[in-house]
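Protein chains in written order, with the working numbering: chain A, 101 to 435; chain B, 2 to 243. Where a beta carbon is used, it is the ideal one built from N, C-alpha and C, also for glycine. Keep in mind that this is a model prediction, so the values were computed, not measured. Working notes, structure below.
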Amino acid sequence: MGLFKKLKKAFKKVTGFVKKVVKKTVKAVKKVGKKIGSSKILKALAIAAAVVVTGGAALGAMGATASAGGFTGWMVGASNAVTGATVAGLNVGAVMKPFAAVGSAIGTGVSAVTGINLATPAASIPGTIPSATGTAATGTATTSASTLTAPAAITTNPAAAAQASTAASRGALNVTASGLPGAASVSSTGIPAIGAAGSGTLASNVTAGMSAAQASTVAGLQSGAITTSQIAAPAQASWFARHPKLTAAAGYVGTTVGTAALTGMTQQYIAGDPEQQGSMAGAAVEGGEYLDPLKVYAAQQGINTDDIYKNIAYGNVDASTQYSAELFKQQTFGV
Amino acid sequence: MSTPKRQPNPVISPSLSEAAASSVLDGLDAGFTIDEIAPDTGPKIRGEAKFSQEGLDELVNLSNKGGPIPGQSLTRDSEDPYPWETPPEFSNPREALDDIVGSIMQPEAMKNIVDALAKGGAVADIGTAILYAKFNEGKITPDVMMMLAEPVMYTIMAIGEEANIKYNIEGNDLDEFDEEDNKEEFDSKVNEFRNVLTDIKKGATKNIEPSKIDSNVVPESILAQVKEKSPEIKSLLSKGEE
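Below you can see the structure in the form of structure tokens.
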């Protein structure tokens, strides 16, 4: 038999199994005393299975009615309840999240899907352009006059574009070209000239209380006889430049002391704290594997943790909880 | 909405179907009603498969194209293998499931799945096609493909349920569960009728006492026939035959 025929046969088996379980569940539910249609139970099973596979992320992504709390929330809540679960006294729940493996990935992949209502897929699939108007892309025609609006026409000539932009800005600000004061109309009337005669002038106020030399400098500046570059103070060399021998000695001492201190610190860090017995050396940084309580437990029990998650299991608890199950605790060989 | 009486019991199973079934039964036991677990969203769209001559012709044409010649794969350059001939991208089924369910949940993929279900495509066929495509891309091995058949099918079923479609699981079995429901209902009614009939018969036999029957109403000859044909009722304390 070829591979594909085998696969087809195997798929048929799986389908048959699914149907069998549905029928079994229908019988079980009816046994409880509830008269419910099989299709309803099938729906419940599909919802429960989707929750188990994706941790509720799938239903949430679809905007499902079932995702709005209720049974789904109750089921997903189980994963949160596991947060406090302990295995052999170790808090496994803090590390493991039963649904996280699949659910988290869907959450990232389906973020764009959120809000889909599959009952009306054509209307709500993201990516379709909404019929609503007034979006940001169409401009802000309705905003107030003071808002700067981009010029409607986009020209290829930069000069024309700049002109249009200026005109648009002016228009938006309600300022016309004629409204701007001309250069000729601005006069210096009312502004006291520096050095004008008479008491109360700026010059007299500035020079009052100055020494004779300072006053003469100011007067020179006012008359234009002295420029600012001429009165600039000569640059002075730094203390280190003026004392090169001392600087070199201090640099040597600083380097030596710093190196010694750093060496001591590093050695102490590597050696660790001698007062704490059994503690790890300072430089021995713990890897993630030491922090994983399940791995610690598994290592003590001689269990390969990689195998737990290679064998796929479904439910509302982590596969690791099986460790604490009675089956794994019972005595298998006794003398 | 009723408040559950308790937290869910831990459920873990190697089969998704069983885990889901346990979860549903656990939910019912905790106080949820089936309407809360599976809310009613009105009449469903019937995803009935419609067979046409064109479809059949296409299928015949495809099968007439033939398959590879035995040993054809061995003639291929080993330096240029097919994706499925190389080590798979995912050897861990959990990672593979993560990837596949993630790709199913993309908007375009979901739209296509809903379309297919509404047109009568079966869940098993869609699931097979998805998984086979992943195998063809060299993402999974055939073993992992088989392991993921169940969760992928359930994911498609969940999409169908959310889209309010009455879908086929395998072939054209749209009304299979409903027919079973009807059959069960019919059988239970027939059984009820039989029980009632038996009760009536028993009750009637008990009440018929030939001595009490008015001879004017029932002639003596008929009474004699009844006596002859009906079983003789003996007291438990009566003397038995020797």
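Taking a contact to mean a Cβ-Cβ separation below 8 Å, would you say residue i touches residue j in this structure?
| i | j | result |
| --- | --- | --- |
| B:Lys167 | A:Ser139 | yes |
| B:Gly56 | B:Glu90 | no |
| B:Ala164 | B:Val115 | yes |
| A:Val151 | A:Thr172 | yes |
| B:Pro11 | B:Phe33 | no |
| B:Ile157 | B:Gly128 | yes |
| A:Leu145 | A:Val114 | no |
| A:Met175 | B:Pro9 | yes |
| B:Gly48 | B:Ala119 | yes |
| A:Lys143 | B:Glu162 | yes |
| B:Gly121 | B:Lys51 | yes |
| B:Leu29 | A:Val126 | no |
| A:Ile136 | B:Ile35 | yes |
| B:Arg7 | B:Ala31 | yes |
Starting from the beta carbon of residue i, find every residue of chain A whose beta carbon is closer than 7 Å, and list them in chain order.
| i | result |
| --- | --- |
| B:Ala150 | Phe111 and Val114 |
| B:Ser18 | Phe117, Val118 and Val121 |
| B:Pro5 | Trp174 |
| B:Phe33 | Phe171 |
| B:Glu162 | Lys143, Ala146 and Ile147 |
| B:Ala21 | Leu145, Ala148, Ala149 and Val152 |
Am I right that residue i and residue j are in contact with their C-beta atoms under 8 Å? What's the rounded C-beta distance?
| i | j | result |
| --- | --- | --- |
| B:Ala21 | A:Ala148 | 4 Å |
| B:Pro69 | B:Asn137 | B:Pro69 to B:Asn137, Cβ: 14 Å. No contact. |
| A:Ile412 | B:Arg195 | Incorrect: roughly 48 Å between the Cβ atoms, too far for contact. |
| B:Ala97 | B:Val145 | 5 Å |
| B:Ile131 | B:Ile105 | 7 Å |
| B:Pro152 | B:Leu17 | 5 Å |
| A:Gly170 | B:Glu37 | 5 Å |
| A:Val118 | B:Met154 | 6 Å |
I want to see whether chain A comes within less than 8 Å of residue i, judged by CB atoms only; does it?
| i | result |
| --- | --- |
| B:Asp179 | yes |
| B:Lys167 | yes |
| B:Ile13 | yes |
| B:Val102 | yes |
| B:Thr129 | yes |
| B:Glu37 | yes |
| B:Asp188 | no |
| B:Ala159 | yes |
| B:Ala134 | no |
| B:Ala125 | yes |
| B:Lys235 | no |
Quick one: using the 10 Å Cβ neighbour count with 16 as the cut-off for buried, is residue i buried or exposed?
| i | result |
| --- | --- |
| B:Asn169 | buried |
| B:Val102 | buried |
| A:Asn416 | buried |
| B:Lys240 | exposed |
| A:Tyr369 | exposed |
| A:Met365 | exposed |
| B:Phe178 | buried |
| A:Phe111 | buried |
| A:Ala361 | exposed |
| B:Leu175 | buried |
| B:Asp188 | exposed |
| A:Tyr51 | Outside the displayed span of chain A (101 to 435) sits residue 51 of chain A, for which this structure offers no information. |
Against chain B, does residue i count as a neighbour if the rule is that its beta carbon must be under 8 Å from one of theirs?
| i | result |
| --- | --- |
| A:Lys105 | no |
| A:Ile370 | no |
| A:Thr125 | yes |
| A:Ala360 | no |
| A:Val195 | At A:Val195, the pLDDT of 35 sits below 50, so the modelled position is not reliable and the matter cannot be decided from this model. |
| A:Gly351 | no |
| A:Val357 | no |
| A:Gly415 | yes |
Strictly below 8 Å CB to CB, what residues from chain B border residue i?
| i | result |
| --- | --- |
| A:Met175 | Pro9, Ser24 and Gly28 |
| A:Val129 | Val25, Leu26, Leu29 and Ile35 |
Could you confirm whether any beta carbon from chain E is found closer than 8 Å to the beta carbon of residue i?
| i | result |
| --- | --- |
| B:Ser79 | Given the protein chain composition of this structure (A and B), no chain E is represented. |
Which bits of chain A does residue i rub up against, with CB to CB less than 8 Å?
| i | result |
| --- | --- |
| B:Pro143 | Leu103 and Leu107 |
| B:Asn117 | Per the sequence presented here, residue 117 of chain B reads as Ala, with Asn not at that position. Result: empty, since nearest Cβ-Cβ is about 12 Å, beyond 8 Å. |
| B:Ala50 | By Cβ distance, chain A contributes nothing, its closest Cβ being about 15 Å from B:Ala50, past 8 Å. |
So which residues on chain A does residue i lean against when the C-beta distance must stay under 9 Å?
| i | result |
| --- | --- |
| B:Ile170 | Thr115, Val118, Lys119, Val122 and Leu142 |
Are there any heavy atoms of the ligand FAD lying less than 7 Å away from the beta-carbon of residue i, as far as the coordinates show?
| i | result |
| --- | --- |
| B:Lys190 | The ligand content of the structure shown is nil, which means the ligand FAD is not present either. |
Name the chain B residues that come within less than 7 Å of residue i, Cβ to Cβ?
| i | result |
| --- | --- |
| A:Gly137 | Asp182 |
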